[in-house]
Amino acid sequence: MKDFIACCGLDCETCEARIATLNNDDELRRKVAKLWSELNGVEITSEQINCSGCRIDGVKTPYCASLCPIRKCCISQKFATCGSCDKLQTCEKVGMIIKNNADALRNLKSFASENGNKTHDSR
-14 MKDFIACCGL
-4 DCETCEARIA
6 TLNNDDELRR
16 KVAKLWSELN
26 GVEITSEQIN
36 CSGCRIDGVK
46 TPYCASLCPI
56 RKCCISQKFA
66 TCGSCDKLQT
76 CEKVGMIIKN
86 NADALRNLKS
96 FASENGNKTH
106 DSR
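Just so it is clear: in the sequence shown, position 26 is 11 by our numbering, and no numbers are missing.
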């Protein structure tokens, strides 16, 4: 399974913040910052839109780096993703993602089956 599957199952390879980072695309950073500001009801600046990926070494958005409750939980449990957790189907933290994103749930289940539910430190 790809290293770019985030703790929550989202695919970081398709994340516009990561794409903007890889391509050093300031216009895309502005677009993402505006959208995320509207969606989250907080001010997000284009300077904050820098991310290599949830489980990849490198820069993270402030939210992903230190605020995301899903990533914090995975790290504390020493899980690569939530797919390694036996509470996946009932967890309120990751539930907000997987209930609205069938691909994320599929990614987590696939990751768990390919890795035999092994755990390891997330970055």
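Cβ coordinates follow ideal geometry from the N, Cα and C atoms, glycine included. Everything numeric in this text was worked out from a predicted model, so none of it was measured.
Segment limits, alpha helix (DSSP H) that includes residue i
i, result
"THR6", "1 to 8"
"CYS58", "54 to 62"
"LEU93", "87 to 99"
"ASP11", "11 to 25"
"GLU77", "77 to 83"
Which of helix, strand or coil DSSP assigns to residue i
i, result
"ILE(-10)", "strand"
"ASP42", "coil"
"ARG108", "With a pLDDT of only 42 at ARG108, under the threshold of 50, the placement of this residue in the model should not be trusted; the figure read from the coordinates follows. In the structure shown, ARG108 sits in coil (DSSP, three-state: anything other than H, G, I, E or B)."
"LYS103", "Model confidence at LYS103 stands at a pLDDT of 49, short of 50, so the residue's coordinates are unreliable and nothing is read from them."
Under 8 Å between C-beta atoms of residue i and residue j
i, j, result
"ALA18", "GLN33", "yes"
"THR30", "ALA2", "no"
"CYS0", "CYS36", "yes"
"LYS(-13)", "GLU(-2)", "yes"
"SER61", "ALA97", "no"
"ILE(-10)", "THR66", "yes"
8 Å contact criterion, which residue i and residue j should meet: CB distance rounded
i, j, result
"LYS92", "GLY(-6)", "It should be noted that the sequence gives Asn, not Lys, for residue 92. Contact holds; Cβ gap of about 4 Å."
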